[in-house]
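Just so we're aligned, residue 1 is where the sequence shown starts under full-length UniProt numbering, counting upward by one. Here a beta-carbon is modelled for each residue, glycine too, at the ideal position from N, C-alpha and C.
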Amino acid sequence: MSEELYPIDLGPVIQYEILPAEITAEDSPYWLVRSAEGVYRLLLAVCPHAGGDIRPHEDIFYCPLHFWTFHGETGACLTLSDRRLAYRQVIERNGRLYAAAKFD
Numbered sequence: 001m002s003e004e005l006y007p008i009d010l011g012p013v014i015q016y017e018i019l020p021a022e023i024t025a026e027d028s029p030y031w032l033v034r035s036a037e038g039v040y041r042l043l044l045a046v047c048p049h050a051g052g053d054i055r056p057h058e059d060i061f062y063c064p065l066h067f068w069t070f071h072g073e074t075g076a077c078l079t080l081s082d083r084r085l086a087y088r089q090v091i092e093r094n095g096r097l098y099a100a101a102k103f104d
């Protein structure tokens, strides 16, 4: 693992048994999610449309300002196909989670 590529230490993986988990990293709000395949992502909890706070609901996320909805594992917008939540890749190493320095 390159500490330059994944410098954001999210802590022990065991503390994230219940997902999605609300996280603050680098002074920004995120939701930590894991796909059915076990891939972690850190979704920026800010709506790309109106800047609203993204909230979870069942297996999706939504913005309460205009009710845009987003896929619960990928952050892809379900309202408009060309939009998505910004996200950072997350890797697991030695029982800890690390987020990428840059957004994908």
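Beta carbon of Gly75 nearer than 8 Å to that of Leu65: Their beta carbons are not under 8 Å apart, which means Gly75 does not touch Leu65 by this criterion.
Round the Cβ separation of Leu5 and Ala100 to the nearest angstrom and send it over; I've been treating them as touching at under 8 Å. About 6 Å separates the two Cβ atoms, so the contact holds.
What is the rounded straight-line gap between the Cα of Asp59 and the Cα of Leu19? Near 10 Å, if we compare the C-alpha coordinates of Leu19 and Asp59.
In whole angstroms, what is the alpha-carbon distance linking Gly72 and Leu44? Roughly 12 Å between the two C-alpha positions.
Could you give the uninterrupted runs of the alpha helix (DSSP H) lying entirely in the stretch 16-66, keeping only those of 4 residues or more? Runs found: none.
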